[in-house]
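For the sequence shown, the tail end lands on 112 under our numbering, and the numbers increase by one without skipping. All residues carry an ideal CB built from backbone N, CA and C; glycine is no exception.
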Amino acid sequence: MMVPVRCFTCGNVVGEHWEEFNARADEGDEDPQEVLDELGVDRYCCRRMLVSHTDLVDVVSPYQ
């Protein structure tokens, strides 16, 4: 799994929020915007990094 560590645009560290955001947003009970608000991710570029990140490691290298 590849975790986005820093925002490509502004350089802020976003990796510290990834685990909780991914767990809470994937459940489907909570809106991703509300999760990001609660985590304190305010900048649009950082929010985009977390919302649009897709883990492609399993797709790219299916053989382990």
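Just the C-alpha distance for V83 and L98, rounded to the nearest angstrom, thanks.
In the sequence shown, residue 83 corresponds to position 35, counting from 1. In the sequence shown, residue 98 corresponds to position 50, counting from 1. The straight-line gap from Cα to Cα measures roughly 11 Å.
Mark F69 as exposed unless 16 or more other C-beta atoms lie within 10 angstroms of its C-beta, in which case mark it buried.
Working through the sequence shown from its first residue, we reach residue 69 at position 21. F69 should be labelled buried.
Give me, in chain order, the residues of the same chain whose beta-carbon lies closer than 8 Å to that of R91; leave out the 5 immediate sequence neighbours on both sides.
The residue labelled residue 91 in the question sits at position 43 within the sequence shown. Same-chain partners within the cutoff: C55, C58, N60.
Does DSSP put R72 in a helix, a strand or coil?
By one-based count along the sequence shown, residue 72 stands at place 24. Helix.
Is it buried or exposed, R95, if we count other Cβ atoms within 10 angstroms and call 16 or more buried?
Residue numbering aside, residue 95 sits at position 47 when the sequence shown is read from its first letter. R95 should be labelled buried.
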